[in-house]
Amino acid sequence: MSRSSFQQFHWQSQQFGCASNDIDRFYSLLHEQMQRLGMQQQTLGKIESYPVDLYSPAAPKQHLPNILISAGFHGEEAAGPWGMLKFLSQLNDDVFLSVNLSLLPLVNPTGFKAGHRFNQYGENPNRGFGVADGTALETEESSIEGKLLIKQQALLKALSSDGILTCHEDVLQHHCYVYSFEPEQDAGPFSLGLRDSLAQYFKVAEDNSIDGCPLDNGLIHNHYDSSFESCLVRIGAKRGACSETPALEDFDQRINANCAVMQQFVSSSQ
Ligand SMILES: [Zn+2]
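Note that UniProt numbering has the sequence shown beginning at 1, numbered continuously upward.
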């Protein structure tokens, strides 16, 4: 089986009372939460009429860990952005006393609105992050969204120096798993904790292989490719992870699991 780039996926969320691709409602609720938390907004660029926004602490503190959470690279993986909204709604601004938390809530708005994987130009926003000599580079595979992120690599590198979490879903799966990146050859408490937070909601994928990558205990560990998360780790993030919730399962449970993995990432970084 392979993932279709333009097959459309739509779910209904009970807790948000709207469809998974209701982009106007998403931006409106996001704006409310960011106002409440007093986060600083920076628009990296626009894709059609939709902004790709980066949010960071209004008053970052130099001695605190710098961590970044991103979501919404693949349009059909909708529980990531909605999970971030739920995570934000449960967050208090005292989080900024212990961590410099930055967020990229929705990287691929046109894919999200359509409910399909790629952006509306047929590009994969999570590929084409080349690296040479510790610097991110555009490649032939880079998407319009990827180019915006690569252009801001100095900023994103600084904001993710202590960790990057990116939240994806797998439309072919009933089970959850995590791509993890740590300096050690073996996965440590950071990776295991993220996996376990998903495991509160779904069964962990059995040892096997996913897209040709060996899966061990629900983790694909230190597998480098041309993804955003892999790139940030290669250019300097201390550790990273890409969570994968199973999109063949209930949408609201997937939202809850994305919220939980974000909470776990933040608490393991404080
Ligand atoms: Zn994905």
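Ideal Cβ positions, reconstructed from N, Cα and C, are used throughout, including at glycine. Since this is a predicted model, take the numbers as computed values, not measurements.
query                                                                                                                                                                                       : result
Please work out which residues of its chain come closer than 6 Å, Cβ to Cβ, to residue 73, disregarding the five sequence neighbours upstream and downstream, and give them in chain order. : 107, 108, 125 and 126
Considering only residues of the segment 31–98, which uninterrupted alpha helix (DSSP H) runs meet the minimum length of 4 residues and lie entirely inside it, listed in chain order?      : 79–89
Given the structure, does residue 116 come close to ligand 1, in the sense that its CB is under 6 Å from one of the ligand's heavy atoms?                                                   : no
What separation, rounded to the nearest whole angstrom, lies between the Cα atoms of residue 128 and residue 13?                                                                            : 32 Å
Using only the alpha-carbon positions, how far apart do residue 75 and residue 166 sit?                                                                                                     : 14 Å
Pick out whichever of 250, 71, 189 and 4 has its Cα sitting closest to the Cα of residue 202.                                                                                               : 250
Flag residue 141 as yes when its Cβ comes closer than 6 Å to any non-hydrogen atom of ligand 1, and as no otherwise.                                                                        : no
Let me check understanding here. Comparing Cα to Cα, which of 192, 173 and 171 lies closest to residue 180?                                                                                 : 192
Cβ-heavy atom distance between residue 63 and ligand 1 below 6 Å?                                                                                                                           : no
Within a Cβ cutoff of 6 Å, which residues of the same chain sit near residue 37, ignoring the five residues on either side of it in sequence?                                               : 93
Is the beta carbon of residue 175 within less than 6 Å of some heavy atom of ligand 1?                                                                                                      : no
What ranges does the beta strand (DSSP E) occupy inside the segment 196–234, keeping only unbroken runs of at least 3 residues that lie completely in it?                                   : 208–210, 213–215 and 219–221
Where residue 145 and residue 190 are concerned, what is the direct C-alpha to C-alpha distance, given to the nearest angstrom?                                                             : 28 Å
May I ask you to check if the CB of residue 168 is nearer than 6 Å to at least one heavy atom of ligand 1?                                                                                  : yes
Could you give the distance in angstroms between the alpha-carbon of residue 139 and the alpha-carbon of residue 160?                                                                       : 22 Å
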